[in-house]
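Residue numbers (this note's numbering), protein chains in the order written: chain A, 31 to 321; chain B, 99 to 391. Ideal Cβ positions, reconstructed from N, Cα and C, are used throughout, including at glycine. None of these values were measured; they are calculated from a predicted model.
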Amino acid sequence: MRRSASGAQRPRARTAKLRRATRQRLAADAALLVVAIAFAVPLAWLVLSSLDEHASLDVSVPTEPTLANFDALMNSEITYRPMLNSLLLCGGATALTIGCAALAAYPLSRFRSRFKRPYLMAVLFTTCLPVTAIMVPVYGLFVRINLIDTLSGTALFLAATQLPFAIWLMKNFMDAIPVSLEEAAWTDGANPMQALARVVLPLMGPGVAVVTVYSFIMMWGNFFVPFMLLLTPDQLPASVSIFTFFGYRGEVAYGQLAAFSILYSTPVILLYVLIARRLGGGFALGGAVKG
Amino acid sequence: MSALTTARGRGPRLRWLPIAPATLLLLLFLGGPIAYCVYIAFTDMQLTGASSTHFVGFDNFRRAFADDKFLNAVVLTLVFTVLSSIVGQNTLGLGLAALMRRASRPVRTLTGAIVIAAWVLPEIVAGFLLYAFFERRGTLNDILGLLHLPSQNWLFTLPILAVSFANVWRGTAFSMLVYSAALGDIPQEITEAAEVDGASGWQRMWRVTLPMIRRSIATNLMLNTLQTLSVFGLIWAMTRGGPGTRSQTLPVFMYDQAFLKALIGYGTAVALLLLLVGALFSLVYLRLLREEV
Numbered sequence: 031m032r033r034s035a036s037g038a039q040r041p042r043a044r045t046a047k048l049r050r051a052t053r054q055r056l057a058a059d060a061a062l063l064v065v066a067i068a069f070a071v072p073l074a075w076l077v078l079s080s081l082d083e084h085a086s087l088d089v090s091v092p093t094e095p096t097l098a099n100f101d102a103l104m105n106s107e108i109t110y111r112p113m114l115n116s117l118l119l120c121g122g123a124t125a126l127t128i129g130c131a132a133l134a135a136y137p138l139s140r141f142r143s144r145f146k147r148p149y150l151m152a153v154l155f156t157t158c159l160p161v162t163a164i165m166v167p168v169y170g171l172f173v174r175i176n177l178i179d180t181l182s183g184t185a186l187f188l189a190a191t192q193l194p195f196a197i198w199l200m201k202n203f204m205d206a207i208p209v210s211l212e213e214a215a216w217t218d219g220a221n222p223m224q225a226l227a228r229v230v231l232p233l234m235g236p237g238v239a240v241v242t243v244y245s246f247i248m249m250w251g252n253f254f255v256p257f258m259l260l261l262t263p264d265q266l267p268a269s270v271s272i273f274t275f276f277g278y279r280g281e282v283a284y285g286q287l288a289a290f291s292i293l294y295s296t297p298v299i300l301l302y303v304l305i306a307r308r309l310g311g312g313f314a315l316g317g318a319v320k321g
Numbered sequence: 099m100s101a102l103t104t105a106r107g108r109g110p111r112l113r114w115l116p117i118a119p120a121t122l123l124l125l126l127f128l129g130g131p132i133a134y135c136v137y138i139a140f141t142d143m144q145l146t147g148a149s150s151t152h153f154v155g156f157d158n159f160r161r162a163f164a165d166d167k168f169l170n171a172v173v174l175t176l177v178f179t180v181l182s183s184i185v186g187q188n189t190l191g192l193g194l195a196a197l198m199r200r201a202s203r204p205v206r207t208l209t210g211a212i213v214i215a216a217w218v219l220p221e222i223v224a225g226f227l228l229y230a231f232f233e234r235r236g237t238l239n240d241i242l243g244l245l246h247l248p249s250q251n252w253l254f255t256l257p258i259l260a261v262s263f264a265n266v267w268r269g270t271a272f273s274m275l276v277y278s279a280a281l282g283d284i285p286q287e288i289t290e291a292a293e294v295d296g297a298s299g300w301q302r303m304w305r306v307t308l309p310m311i312r313r314s315i316a317t318n319l320m321l322n323t324l325q326t327l328s329v330f331g332l333i334w335a336m337t338r339g340g341p342g343t344r345s346q347t348l349p350v351f352m353y354d355q356a357f358l359k360a361l362i363g364y365g366t367a368v369a370l371l372l373l374l375v376g377a378l379f380s381l382v383y384l385r386l387l388r389e390e391v
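1. Can you tell me whether DSSP reads B/T141 as helix, strand or coil?
2. By the criterion of Cβ-Cβ separation under 7 Å, what are the contact partners of B/V306 in chain A?
3. Please work out which residues of its chain come closer than 8 Å, Cβ to Cβ, to B/G339, disregarding the five sequence neighbours upstream and downstream, and give them in chain order.
4. Considering only C-alpha positions, which residue in the set A/I207, A/S269 and A/P194 is nearest to B/T121?
5. Using the beta-carbon of each residue, which ones in chain B are nearer than 9 Å to A/P256?
6. To which residues does DSSP link B/F153 through a beta bridge?
7. How far does the alpha helix (DSSP H) with A/Y110 in it reach, from first residue to last?
8. Contact between the stretch 158-167 of chain B and the stretch 180-189 of chain A is defined here as three or more beta-carbon pairs at a separation below 8 Å; is this criterion met?
9. Tell me which residues share the same chain as B/N239 and place their Cβ nearer than 6 Å to its Cβ, disregarding the 5 neighbours each side in the sequence.
10. Given that a residue counts as buried once 16 or more other Cβ atoms are within 10 Å of its Cβ, and exposed if not, what is B/Y383?
11. Using a C-beta to C-beta distance shorter than 9 Å, which residues of chain A count as neighbours of B/I362?
12. Report, in whole angstroms, the separation of the C-beta atoms of B/L327 and B/L372, which I expect to be a contact under 8 Å.
13. What whole-angstrom Cβ distance do B/M274 and B/G191 have, given they're in contact under 8 Å?
14. Give the range of the alpha helix (DSSP H) segment to which A/A102 is assigned.
15. Shorter than 7 Å from the beta carbon of A/P72 to some beta carbon of chain B?
16. Give me the chain B residues within the contact set of A/T262, using Cβ-Cβ distance strictly less than 7 Å, ordered along the chain.
17. Starting from the C-beta of B/T289, find all residues in its chain whose C-beta is less than 7 Å away, skip the five residues before and the five after it, and write them out in chain order.
18. Is the beta carbon of A/M258 less than 7 Å from the beta carbon of A/M165?
19. What is the DSSP secondary structure of A/F145, counted as helix, strand or coil?
20. Is there a Cβ from chain B that is less than 7 Å from the Cβ of A/I272?
21. Would you mind reading off the limits of the alpha helix (DSSP H) that contains B/R200?
22. Of the choices B/A377, B/L242, B/H246 and B/G225, whose alpha-carbon is the least far from that of B/F330?
23. Using a Cβ-Cβ cut-off of 8 Å (strictly less than) and excluding sequence neighbours within five positions of B/N265, which residues of its own chain qualify?
24. For the alpha helix (DSSP H) containing B/F232, name the first residue and the last one.
25. Under 7 Å Cβ-Cβ, which residues of chain B neighbour A/G251?
26. Using CA atoms only, rank isn't needed, just tell me which of A/V238, A/P256, A/S79 and A/A306 is closest to A/L199.
27. Give me, in chain order, the residues of the same chain whose beta-carbon lies closer than 6 Å to that of A/C120; leave out the 5 immediate sequence neighbours on both sides.
28. Where are the alpha helix (DSSP H) runs, 4 residues long or more, that stay fully inside the stretch 300-386 of chain B, in chain order?
29. I'd like to know if A/A220 contacts chain B, where contact means its C-beta is closer than 7 Å to some C-beta of that chain.
30. Report the three-state DSSP secondary structure of A/P92 (helix, strand or coil).
31. Quick one: does B/I212 have its CB under 7 Å from some CB of chain A?
32. Please list, in chain order, all residues of the same chain as A/F275 whose beta carbon is under 7 Å from its beta carbon, the five residues on each side excluded.
33. For B/R113 and chain A, any beta-carbon pair shorter than 7 Å?
34. How about A/I322: is its C-beta nearer than 7 Å to some C-beta of chain B?
35. Measure the alpha-carbon distance for A/A227 versus A/N221 and round it to whole angstroms.
36. Assign A/V209 to one of three DSSP states: helix, strand, or coil.
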């Protein structure tokens, strides 16, 4: 609600304006609440079913809420191993992505070259390519070079898919660090790598955190890549194991499925909350567009 | 920046060395598969017996355009993209962003949190949730029953509509965030000036707001479409492309041909077409960005 700028306005006109603003606000509130409820229904199923031992497919409040579904999952086969696999796969790939992106972003941000613009354009172009489309040839290639069904090979591929966007974001964050701060390090005789490690990266800590968390979230949720490239049940991350455990069974224990979904989703939701404020509105674009 | 261009004691070549690991990784694991994709698309490679692979020219493509199932997948992909990305996510995202500017703070925060939660959830979880929502014994039919409306087996009668709605549920947050930022960038004086001049709400939207955020609209449409073109997990978890082939979009069709039917060459030809469409969109996107800079 905006207060009228001119105090000289007649009281009646002002109350009319206020009333209209209130009406508009109420209408907007009502419309938003309708959408919010529609979006919340599937989420409500997730939470309510996870607490219901006899959960079915529709939303219903459990008569006697219980954590039995979670208890049933607490074993190595269903929960611990897939989660650990996810952590190894996505953690390793994220570390690789961030390392490569930080190194690449430094010269791209600091030095001039006529190849710089084409390189950045190529990176941006790759950002948009549908990775789904190349999964069939990647599978063929991985069979040929014996990387199929290995966590390391899958991690390398995941890192490569996330890398273009990570380079782009990292470069933009690095551009915001003034060069003058580095010059001190230069006069002290530091080489570029030392300047990057000791001066630039610590200064852009929040930016690095955003790129890291974002890459990790994207990989954690990725289903298609590990689904194609990993075969042994022991190696499957949670994104695929959830499917093999619950997707193919004739009689699905929906309560357990919901409980597992919550366990599997919690890390990314927490991580998102952690960086949400920094992301602000549409950071993905903010970063990309304002390049 | 210019101060560092005279880096002491470093040859200009060596200075660019840090770019090598990233470039290598990209060339090996993205460039390699794309080149390999182009190669196998012109062969008759099958999963069984790689030794008998022959170069077949454009046969795979000719076969695709004569294949009813391929054309079916193209049509379904178009329907899925137009419904869920262009109409659904884009319009709903803009609507939510516009409403949020007028709504009270608690409502705004609550709605934002719920819509974003749907977006942050992993794809496969979203697939299961919306399967439960649309299933015959699921929540949607319960709600329809409460309203005394006829219930349906949605995943059977209208599978493509169900997965499109699922994609709207999952993807709207992105558009909402983009448009919230874009609307926030419009100077308040401009909308106020239009208001003083007596423009109605709709006129302000059409004549002032939309033209001012047209770049965000273009970018958002482009990114939404690219993302929607490659949706696989969501559809796979909900319908597996079925019943029959009635929700089999191109990625699902490609997977089906390459792995379940063991026709790697043919599946890859389809993949290459999808990649080309994606590349085309990317180029348009780059073009839009270039205008901006």
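This is what the structure gives:
1. In this structure, DSSP gives B/T141 an extended state, which the three-state scheme calls strand.
2. Within 7 Å Cβ-Cβ: nothing; B/V306 doesn't reach chain A, min ~17 Å.
3. These residues qualify, in order along the chain: I333, S345, Q346, T347, V350, F351 and D354.
4. The alpha carbon of B/T121 has as its nearest neighbour, out of A/I207, A/S269 and A/P194, the alpha carbon of A/P194.
5. Against A/P256, chain B offers no close residue; the least beta-carbon distance is about 11 Å (beta-carbon pairs closer than 9 Å).
6. Paired residues: B/T141.
7. That residue, A/Y110, is in no alpha helix (DSSP H); it is neither H nor E in DSSP.
8. The stretch 158-167 of chain B, when compared against the stretch 180-189 of chain A, does not touch it at the 8 Å Cβ threshold.
9. Excluding positions up to five away in sequence, the list reads S249.
10. Burial call: buried.
11. Those are V166, P167, Y169 and G170, listed as they occur along chain A.
12. Separation of the CB atoms of B/L327 and B/L372 is rounded to 7 Å, and the pair is thereby assigned contact status at 8 Å.
13. 4 Å between Cβ atoms; contact.
14. A98 to L103 is the extent of the alpha helix (DSSP H) around A/A102.
15. True, the Cβ-Cβ gap to chain B drops below 7 Å.
16. By Cβ distance, chain B contributes nothing, its closest Cβ being about 17 Å from A/T262, past 7 Å.
17. Closer than 7 Å at Cβ, skipping near neighbours: R302 and V306.
18. Their beta carbons are under 7 Å apart, which means A/M258 touches A/M165 by this criterion.
19. In the displayed model, A/F145 falls within coil according to three-state DSSP, outside both helix and strand.
20. Yes, A/I272 counts as interfacial toward chain B.
21. No alpha helix (DSSP H) contains B/R200, which DSSP labels as neither H nor E.
22. Looking at the Cα atoms, B/G225 is the closest of the given residues.
23. Excluding residues within five positions, the ones whose Cβ falls inside 8 Å are F178, S182, S183, G186, Q187, T326, V329 and L332.
24. Start and end: E221 to F232.
25. By Cβ distance, chain B contributes P220 and E221.
26. Taking A/L199 as reference, the option from A/V238, A/P256, A/S79 and A/A306 with the minimal CA-CA separation is A/V238.
27. Correct list, in chain order: F246, M249 and W250.
28. Runs of alpha helix (DSSP H) with 4 or more residues, each lying fully within the stretch 300-386 of chain B, are found at 312-327, 331-336 and 348-353, listed in chain order.
29. So no, A/A220 is outside the interface.
30. DSSP places A/P92 outside both helix and strand once states are collapsed to three, so it counts as coil.
31. Taking Cβ atoms only, chain A reaches closer than 7 Å to B/I212, which makes this a yes.
32. Excluding five sequence positions before and after A/F275, the CB atoms of its chain that fall closer than 7 Å to its own CB belong to I108, given in chain order.
33. For B/R113, the answer is yes, since a Cβ of chain A falls inside 7 Å of its Cβ.
34. In this structure chain A extends from 31 to 321, so residue 322 of chain A is not present and cannot be described.
35. A direct Cα-to-Cα measurement between A/A227 and A/N221 gives close to 10 Å.
36. A/V209: coil per DSSP, three-state reduction.
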